[in-house]
Structure formats: C-alpha cells, structure tokens
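Notes follow the structure.
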Amino acid sequence: MALKATIYKAELQLADMDRNHYADLALTIARHPSETDERMMVRVLMYALYAQDGIALAKGLSDVDEPEIWVKDMTGAIRLWIDIGQPDESRLRKACGRAEQVVVVCHSGSCEIWWKQVEGRLARLRNLTVLRLPARTAQALAALAERTMRLQCLVQDGAISLSTDASVVEVALESLKIAAA
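Residues 909 to 1089 in the numbering used here are what the sequence shown lists, from first letter to last.
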C-alpha cells in the first residue's frame, strides 16, 4: 500500500520590502513521504520569496512533469518554474522550454559537486537562475517545521529572514547563475 502525503498548514506573513509586496498567505502543504523537513521548508521559503498572483505549490516529487512551485498566467502558460534540489540537465532543459523563467535552489552539502558537473552544459539556458542555500541554513529552516505553523518572512535590502514566535533563521542565498534579463 502506498504511503500518503502528510498535510502541513502554514500561516505566512510576508513583508518583502525589496519588491514592495506584503501579504498574509495560507498554505496547505502536502509533504511527500520521501520529503524531508528541510526540503519542505525550502519550498515554503521559495514560495514566500517569489509570491505573486498565480503562484501555487505544484506536485513536485509526485509528478516528474511538474515543478515544486509554479506561477501560471490566466492562459495556463507557465511564467515561473521553481525546482528544489539537484535536477538533471534534461529536466532543466525541458523546464526552460516550458517556462518563461526557471529557478533552481540547491540546499544540500553536495551542491558544489552537482553544480561543477552541470554548469557548463547549462550555461546557454538564458532563462535559468540557480541559487545555493547553505546546508546549515536548510537544517535551521527544518527546525521551524510543525504540522501547523505561523511564520513571518521579512525581506529587506537583500536580507532574508524566516521566523516563528520562538526563533529566527537568517537566510543567505548565493547566486550560482542568473537568468539573462
């Protein structure tokens, strides 16, 4: 018998002063049985950082043809595709062909090895951005995970923090590749 996803709920207060975007977001997160707290919380962080009209948590691990997060316009066209982890080159090429912008955030200790292996082959993907989240930060984000969460995300002058009433995690994303404008 297949294991079912575990449902998490998050009330997320977003204050992104850099984009002048403020919102109270209610997230229902279906955590795949093979997904770790780290990965799930990185999804929550990326949702907050890219929050806009049309953003949605997609099937991700449950469907190889969907990202973790996407933004679709009213016609169904994919404006933004966000993947988490170390996707293979073919998945990224396919994503770049389907979406206006693609963002990958790598959060494990082996991120540098993965990036060195694929960097040259991905250089021509003009709509691809690759970010690295230090493994220590991902672990700190995992400590915030609860079945019912009240989170605050603050973005100001490039500084990012995700917090609960009890603790704060300062987030520093490193840009490995920036999409062409």
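Idealized CB from N, CA, C, for every residue including glycine.
Within a 10 Å sphere around the beta-carbon of Thr-936 sit fewer than 16 other beta-carbons, which makes this residue exposed. The criterion of a C-beta distance shorter than 8 Å is satisfied by Arg-939 and Tyr-916.
Note on geometry: alpha-carbon atoms of Leu-1036 and Gly-1028 lie some 13 Å from one another.
The way I'd put it, the stretch 1007 to 1025 doesn't touch the stretch 1058 to 1074; fewer than three beta-carbon pairs between them come closer than 8 Å.
It is roughly 31 Å from the alpha-carbon of Lys-980 to the alpha-carbon of Gln-1025. With a cut-off of 8 Å on Cβ pairs, the stretch 939 to 949 is in contact with the stretch 1047 to 1056, counting three or more such pairs.
DSSP assignment within the stretch 952 to 1027 yields the following whole alpha helix (DSSP H) runs of 4 residues or more, N-terminal first: 997 to 1006. Check the Cα spacing between Ala-1003 and each of Ile-992, Pro-975 and Thr-983: the tightest is with Pro-975.
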